[in-house]
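Residue numbers (this note's numbering): 466 to 736.
Ideal Cβ placement from N, Cα and C applies to all residues, glycine included.
Below you'll find the structure, written out as structure tokens, and then a few comments.
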DNA sequence: AAAAGCCCCTGGATGC
DNA sequence: TGCATCCAGGGGCTTT
């Protein structure tokens, strides 16, 4: 589920509420993608200094060390002073003086990993290869162009890879390419400077708009205070195969790229 | 270095 | 109603 907008919406929905809390207890359910990396006792008593986001990772800063949280494909967080009894797919809980943070993740592709610092081994491996933050000043169009130039593979795949620009997942890759009028199968290296500039803008616009709409709720995503997103009702191409393009009425097409579905308008997105 | 495939896991939708 | 198959917001790892 969660791409950059959903992760950012999640962060915004609980960061200010948990900051300043002290951890009382930690509970763990079934295994997530990686082991936590510390004992539960080690976390008790620590303070929460803030919550940042890097790509699709949430970084919960403690007064010493940090927790990396990734929502995987099906994860969502809840935060409230009192939560209902934990269910089958609630696999991690941070009980604090200000409320309980809970990760629900049916598929368990998500993870919560403790690191003493961002440069600790696993944290460094996970965060070290991440590309530019699309919504920050750091997203430089010249660096974007230089990166694309080295990739002969399809532009959609390069956007998803995350080593050039982070946070763009399967929904927003299709949407950004539509906004930029670029066919998803085109080789990244062959895009003109003008089209790259358009894509650079399109990525920022679609992600910012999705954050403003609370993200996309396809199955059961909600922010940490339980609010669903609404961006899914206004996608131009994602999951709209066979339906009329909202711009030109041509039927939207779909195809497979790297075991993922891609959606595009054959008329608006020129090869 | 880049690219392509496989795999982790559960549940919902669809088809027979 | 039951069972098999396919598909799903990700991404690390291994192999070409």
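Closest in alpha carbon position to residue 649, among 590, 659 and 637, is 637. For a cut-off of 8 Å, the C-beta gap from residue 619 to residue 651 is around 7 Å, short enough to register as a contact. Secondary structure note for residue 647: it is in no alpha helix (DSSP H), with a DSSP letter that is neither H nor E. In this structure, residue 683 lies near residue 697, with their beta-carbon atoms less than 7 Å apart. Contact between residue 577 and residue 501 holds: their C-beta atoms lie close to 6 Å from each other, under 8 Å. Along the segment 600-645, the beta strand (DSSP E) does not occur as any fully enclosed run of 3 or more residues. For the 7 Å CB-CB criterion, residue 476 and residue 513 do not form a contact. For residue 564, the enclosing beta strand (DSSP E) begins and ends at 564-569.
Judged by beta-carbon spacing, residue 581 lies beyond the 7 Å limit of residue 569, meaning their Cβ atoms are not closer than that value. At a cut-off of 3 residues, the continuous stretches assigned as beta strand (DSSP E) that sit fully inside the segment 512-589 are 513-519, 522-527, 531-535, 541-545, 555-561, 564-569 and 576-580. Taking residue 720 as the centre and dropping the five residues before and after it, the same chain places the C-beta of 727 closer than 7 Å to its C-beta, in chain order. Ranked by how close their Cα comes to the Cα of residue 671, the residues 629, 702 and 530 have 702 in first place. The secondary-structure analysis by DSSP pairs residue 487 across a beta bridge with 512. With distances taken between CA atoms, residue 537 lies nearest to 468 out of 468, 627 and 611. Cβ-Cβ distances below 6 Å link residue 689 to 475, 478, 479, 542, 543 and 544 in the same chain, with the five nearest sequence neighbours on each side left out; the list follows chain order.
Straight through space, the alpha carbons of residue 510 and residue 643 are spaced by roughly 49 Å. A residue is called buried once 16 or more other Cβ atoms fall within 10 Å of its Cβ, and residue 471 is buried on that count. Pairing residue 692 with residue 614, the inter-Cα distance amounts to about 40 Å. Counting the other CB atoms within 10 Å of its CB gives residue 599 a total of 16 or more, which places it among the buried residues. At least 7 Å separates the beta-carbon of residue 646 from that of residue 722. DSSP, reduced to helix, strand and coil, places residue 721 within a strand of the structure shown. Non-local C-beta neighbours of residue 665 in its own chain, meaning closer than 6 Å and more than five positions away in sequence, comprise 606 and 609, ordered along the chain. Around the Cβ of residue 505, a 10 Å sphere holds fewer than 16 other Cβ atoms; the residue is exposed. When the five nearest sequence neighbours on each side are left out, the beta carbons in the same chain lying within less than 6 Å of the beta carbon of residue 617 are those of 652 and 654, in order along the chain.
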